[in-house]
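Have a look at the structure below before the remarks.
Numbering (the numbering used here), first residue to last: 130 to 250.
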């Protein structure tokens, strides 16, 4: 099992539109793969109401490499539909991979890059 943080960004979307896109993305990831995708909550601030969230940030947990491929194909479809977006995946060790429509060509190789250091592969 591997968990990565996924930060979605776009110069063309407002914060509200970006957060709507993240909710849709999380739903689609869970619908089309055996992957958990939930808002990544921040640290609680004393006397603050609700759970703190960072705009555009979700935590994605891959159960298998097949689920990772399926989830990355969902990401690829979002990036192809809106080329203004970029996604940053951050592995538990802090390694970051920036995804854009231009660099999403080989999903299998990208999956290996994400999973290799974290599953012993």
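In this text, a Cβ means the ideal position worked out from N, Cα and C, and glycines have one as well.
- Contact check for residue 135 and residue 187: beta-carbon distance about 5 Å, within the 8 Å limit, so the pair qualifies.
- Beyond the five residues adjoining it in sequence on each side, residue 236 comes within less than 8 Å, by CB distance, of 198, 201, 202 and 205 in the same chain, given in chain order.
- With respect to residue 221, residue 153 sits apart: the two C-beta atoms are not nearer than 8 Å.
- For residue 210, the enclosing alpha helix (DSSP H) begins and ends at 194-210.
- Here residue 154 carries a helix assignment [DSSP, helix/strand/coil].
- C-alpha of residue 160 to C-alpha of residue 216: approximately 19 Å in a straight line.
- In the structure shown, residue 244 falls within a helical segment according to DSSP collapsed to helix, strand and coil.
- Burial is judged here by how many other beta carbons sit within 10 angstroms of a residue's own beta carbon; residue 155 has at least 16 and is buried.
- If you look at residue 219, you'll find it in the beta strand (DSSP E) that goes 214-219.
- Check the Cα spacing between residue 191 and each of 209, 165 and 213: the tightest is with 165.
- Counting C-beta atoms within 10 angstroms of its own C-beta, residue 189 has 16 or more neighbours from the protein chains shown and is therefore classed as buried.
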